[in-house]
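Enquirer: Residue numbering for the sequence shown follows UniProt numbering, starting at 1 and increasing by one per position.
Just so you know, even glycine gets a beta-carbon here, dropped at the ideal spot from N, CA and C.
Here it is, the structure, as structure tokens.
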Amino acid sequence: MLQIGDEMYLSAVFVLLLFGTRSAIGASSVTASLYVFIVMFRFPPVPATQASQVLRPTGPVSAGVPVVAHRGGGHDAPENTIAAIREASRNGATGVELDLGFTADGVAVLMHDETVERTTNGTGAVGTLGLADLRALDATAKHRLREKFKGERVPTLQEAVEECIKHQLTIFFDVKDQPDKAAAALGDLYQKYPVLYNSSIVCSFEPKVIYKMRQADPGVVTALTHRPWSLSRYGDGTPRSLTSWMHCWLSVLDLLLDWAHHHMLWNLCGISAIFMQKDFISLDYIQYWAERGVEVVGWTVNTAVEKQYYQDVLKISYITDSLREDCEPHY
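Next up, the structure:
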């Protein structure tokens, strides 16, 4: 059920609707409908013991807080490659975050962008290239350490999962879109490798992706990824729109989206964690989610000072581009 604090926010919704509509019946009906919708269609979170096993793995590799290599650790090795997974394990990561994409022939592969230009020597959208075409590309072409990792190719999702299992790494599956395809592909992997239920989590900026995943398999640990003001501003704070009226409108939508994440969507999806951009995390914020049985994971933490703060003060997991050295901020 809803937490007491969230029921108070439903009361706030009622008051706003009452002032807006000047109808107690209408305001009551809409608020009650929202409450009933959440109660009827929500997914309960997986058991806390299972979520804890995924988010706070035990063993010699996890001395201190868990550390997850972003895209496999894109600063230390070519992102989303088998080499990155091996390098992350070698450098002491407890887990890796991997991005899911699909080829023209429907094969799930590791790729963050919609196109291949940024990371390979090829051109075009991932979804327009067959697996054979994608395999022919050099996945190290644009990386600063391309000579060290020469010959690395774009791996399939299954190849990456098998490599992570071999190295006992927790997997953070980051799904951008195509919820039906993603749920089907991941569902097949969970059936083939049951160990994933206790060693992986599916995360996304898109609530519909998480809801679809819970619908397909309620036993999968899931998380919502969020950055406040993401609709109106880029990660560095620059406005997305050049017109003031559009910026104001996007800011209003940002407020609504932020409210929904913190007071409705988390409950509807039954998430076990929220992945929050590092600049918006505090001890109070961690406590807010702890009261709801939800873990906070910070991203992307790329300096030694920040990492020490997470280890000693916040004491929560974080995602980083490098386990070896400081590197540029990542939004």
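Once you ignore the five residues that flank Glu89 on each side, which residues in its own chain have a CB closer than 7 Å to its CB?
Expert: Start at 1 with the first residue of the sequence shown, and residue 89 comes out as number 89. Sequence check: residue 89 is Ser here, not Glu. Leaving aside the five residues that flank Ser89 on each side, the residues in its chain whose CB is nearer than 7 Å to its CB run, in chain order, His167, Leu169.
Enquirer: Could you work out which residue in Thr115, Thr94, Val96, Leu98 is closest to Ala104 when comparing CA atoms only?
Expert: Indexing the sequence shown from 1 puts residue 104 at position 104. It is Thr115.
Enquirer: CA-CA distance, Pro207 and Glu295?
Expert: Against the sequence shown, residue 207 aligns to sequence position 207. Against the sequence shown, residue 295 aligns to sequence position 295. Roughly 17 Å between the two C-alpha positions.
Enquirer: Could you tell me the alpha carbon to alpha carbon distance between Ser251 and Tyr234, rounded to whole angstroms?
Expert: Numbered from its first residue, the sequence shown carries residue 251 at position 251. Numbered from its first residue, the sequence shown carries residue 234 at position 234. Answer to the nearest angstrom: the Cα atoms are 12 Å apart.
Enquirer: Across the segment 158-166 and the segment 78-89, are there enough close Cβ pairs to call them in contact, namely three or more that are closer than 8 Å?
Expert: yes
Enquirer: Report the rounded CA-to-CA distance for Gly59 versus Pro44, giving the unit in angstroms.
Expert: Position 59 of the sequence shown, counting from 1, holds the residue named residue 59. Position 44 of the sequence shown, counting from 1, holds the residue named residue 44. At Gly59, the pLDDT of 49 sits below 50, so the modelled position is not reliable; the number obtained from the coordinates is stated separately. C-alpha separation (whole angstroms): 28 Å.
Enquirer: Ignore the nearest five residues each way along the sequence and tell me which others in Ala184's own chain have a CB closer than 8 Å to its CB.
Expert: Within the sequence shown, the letter at position 184 stands for residue 184. Cβ neighbours of Ala184 beyond the five flanking positions: Ala216.
Enquirer: In chain order, what residues of the same chain have a beta carbon less than 7 Å from the beta carbon of Gly270, not counting five sequence neighbours either side?
Expert: As a first step, residue 270 is located in the sequence shown; it is residue number 270 there, counting from the start. Same-chain partners within the cutoff: Arg42, Phe43, Pro44, Pro45, Arg214.
Enquirer: Taking the alpha-carbon positions, what's the Ala290 to Leu189 distance?
Expert: Against the sequence shown, residue 290 aligns to sequence position 290. Against the sequence shown, residue 189 aligns to sequence position 189. Note on geometry: alpha-carbon atoms of Ala290 and Leu189 lie some 30 Å from one another.
Enquirer: Applying the criterion that 16 or more other CB atoms from any shown protein chain within 10 Å of the CB defines a buried residue, is Gly5 buried or exposed?
Expert: Here residue 5 refers to the residue found at position 5 of the sequence shown. Annotation note: pLDDT 48 at Gly5 (below 50); position unreliable, no value reported.
Enquirer: Hey, quick one: how far does the beta strand (DSSP E) through Ile171 stretch, first residue to last?
Expert: Counted from its first residue, the sequence shown places residue 171 at position 171. Here the beta strand (DSSP E) through Ile171 covers 170-175.
Enquirer: Would you give the residue range spanned by the beta strand (DSSP E) that Thr222 belongs to?
Expert: Your numbering for residue 222 matches position 222 in the sequence shown. Where Thr222 is concerned, the enclosing beta strand (DSSP E) stretches over 222-226.
Enquirer: Check the DSSP bridge columns for Cys203 and list the partner residues they point to.
Expert: Within the sequence shown, residue 203 is the residue found at index 203, counting from 1. In the DSSP output, where bridge partners are listed per residue, Cys203 has Asp174, Ala223.
Enquirer: When you compare each of Asn198, Ala77, Leu100 to Arg144 by their alpha carbons, which one comes out closest?
Expert: Mapped onto the sequence shown, residue 144 falls at position 144. Cα-wise, what sits closest to Arg144 is Ala77.
Enquirer: In whole angstroms, what is the alpha-carbon distance linking Asn302 and Phe173?
Expert: By one-based count along the sequence shown, residue 302 stands at place 302. By one-based count along the sequence shown, residue 173 stands at place 173. One C-alpha to the other measures close to 20 Å.
Enquirer: Just verifying my parser: in three-state terms, what is the DSSP assignment at Ile319?
Expert: Here residue 319 corresponds to residue number 319 of the sequence shown, with the count starting at 1. DSSP places Ile319 in strand when its eight states are reduced to three.
Enquirer: For the alpha helix (DSSP H) that contains Met246, what are its first and last residues?
Expert: Residue 246 sits at position 246 when you count from the first residue of the sequence shown. First-last of the alpha helix (DSSP H) with Met246: 244-260.
Enquirer: Check Glu159 in the structure and name its three-state DSSP category.
Expert: One-based indexing of the sequence shown puts residue 159 at position 159. Note: Glu159 maps to helix in three-state DSSP.
Enquirer: List the residues that DSSP assigns as beta-bridge partners of Phe275.
Expert: As a first step, residue 275 is located in the sequence shown; it is residue number 275 there, counting from the start. Beta-bridge pairing links Phe275 to Thr225, Val297.
Enquirer: How long is the line joining the alpha carbons of Leu314 and Gly219, rounded to whole angstroms?
Expert: Position 314 of the sequence shown holds residue 314. Position 219 of the sequence shown holds residue 219. When rounded, the distance between both Cα atoms is 28 Å.
Enquirer: Tell me whether the beta-carbon of Phe205 lies closer than 7 Å to the beta-carbon of Thr225.
Expert: Start at 1 with the first residue of the sequence shown, and residue 205 comes out as number 205. Start at 1 with the first residue of the sequence shown, and residue 225 comes out as number 225. Yes, they are a contact pair.
Enquirer: Please report how far the alpha carbon of Asp133 lies from the alpha carbon of His330, in whole angstroms.
Expert: Counting from 1 along the sequence shown, the entry for residue 133 is found at position 133. Counting from 1 along the sequence shown, the entry for residue 330 is found at position 330. Each residue's Cα considered, the two are about 29 Å apart.
Enquirer: Where does Trp118 sit, in a helix, a strand or coil, going by DSSP?
Expert: Locating residue 118 in the sequence shown gives position 118, where the first residue counts as 1. Going by the sequence as given, residue 118 is Arg instead of Trp. Arg118: coil per DSSP, three-state reduction.
Enquirer: Would you report the Cα separation of Arg146 and Tyr288, rounded to the nearest angstrom?
Expert: Locating residue 146 in the sequence shown gives position 146, counting from the first residue. Locating residue 288 in the sequence shown gives position 288, counting from the first residue. Computed Cα separation, rounded: 43 Å.
Enquirer: In whole angstroms, give me the CA-to-CA distance for Gln53 and Tyr197.
Expert: The sequence position of residue 53 within the sequence shown is 53, counting from 1. The sequence position of residue 197 within the sequence shown is 197, counting from 1. For Gln53 and Tyr197, the distance between alpha carbons rounds to 10 Å.
Enquirer: Quick one, are the C-beta atoms of Thr120 and Ala136 less than 7 Å apart?
Expert: Counting from 1 along the sequence shown, the entry for residue 120 is found at position 120. Counting from 1 along the sequence shown, the entry for residue 136 is found at position 136. Contact: no.
Enquirer: I'd like the list of long-range same chain contacts for Asp321, defined as Cβ closer than 7 Å, with 5 residues on each side in sequence excluded.
Expert: Along the sequence shown, read from residue 1 onward, the residue named residue 321 stands at position 321. The answer, listed in chain order, is His70, Gly73, Gly74, His75, Thr300, Asn302, Cys327, His330.
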